[in-house]
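When we follow my numbering, the leftmost residue of the sequence shown carries the number 7, and every step to the right adds one. Following: one structure in structure tokens, then a few remarks.
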Amino acid sequence: MQQDDVEIIEREACFRGFYRLDRLHLRHRQFSGEMGRPLSRELFVRHDAVCVLPYDPQRDAVVLIEQFRVGALEKSANPWLLELVAGLIDKDEEPEAVARREAVEEAGLSLTSLWPISQYYPSPGGSDERVHLFIGRCDSEGAGGVHGLAEEGEDIRVHVWPLEDALDAVKDGRIDNAASIIALQWLALNRAEVRGLWS
């Protein structure tokens, strides 16, 4: 099926702020070939995002950041999450430029290479966000401290972990956000190739 198999009957603007919320009244073609009945669906409209896992192939170490996340406030014992460096794509930015910019802003790191992992929808049932996921080559020596842009309310602590420790944190649930889990598991599967090319 294709986009032509969806009929947008009406699109309502429900909220306009830093993010948007629209309500779509639509119908789409069923697997039977017939058009289905009209449906009403809310859509969280947001910029696409870039997430990058800084990796030091010489030390076999990853750089993770820790920051407060309001989405985890009521469903987690600790709403300070271990995550990847990440940011939203502004109108005319390329994902690679966002990855490099955010690595400097959030972790004080310069990335010397980027390895695209994947592009994916984290929650397509209600959001149009698409994530561009990368591994970024870095030198982790001296990495650490607190970073972020004060004008954006960022308070970000930087951690350097052996890759094996980060994988253990995925296994025991200390790392529990999708981009971090996907990137770390991808690196575990492709570690030899990445180290071979980047070392």
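Ideal placement from N, C-alpha and C gives every residue a C-beta, glycine not left out. Just so you know, these numbers come straight off a predicted model, no measurement behind them.
Check	Outcome
Contact under 7 Å by Cβ, residue 71 with residue 91	yes
Three-state class that DSSP yields for residue 63 in the structure shown	coil
Any 3 or more C-beta pairs closer than 8 Å across the stretch 148-157 and the stretch 110-126	yes
Residues that DSSP places opposite residue 14 in a beta bridge	32
Any 3 or more C-beta pairs closer than 8 Å across the stretch 55-71 and the stretch 91-104	yes
Straight-line Cα distance separating residue 196 from residue 95	27 Å
Those residues which DSSP pairs with residue 163 across a bridge	72 and 152
Between the CA atoms of residue 178 and residue 127 - distance to the nearest angstrom	25 Å
Closest residue to residue 204 among 99, 133 and 63 (Cα-Cα distance)	63
Contact the stretch 81-88 vs the stretch 126-143: 3+ CB pairs below 8 Å	no
As assigned by DSSP and simplified to three states, the class of residue 128	coil
C-alpha gap between residue 117 and residue 143, whole angstroms	5 Å
Contact check, residue 33 vs residue 41, beta carbons under 7 Å	yes
Boundaries (first-last residue) of the alpha helix (DSSP H) holding residue 170	169-177
Outcome for residue 15 when other beta-carbon atoms lying within 10 angstroms are tallied against a minimum of 16	exposed
Which residues DSSP lists as bridging residue 57, in chain order	92 and 139
Span separating the alpha-carbon of residue 75 from that of residue 183	11 Å
C-alpha gap between residue 173 and residue 155, whole angstroms	29 Å
Neighbour-count burial assignment, residue 186, 16 or more Cβ in a 10 Å radius	buried
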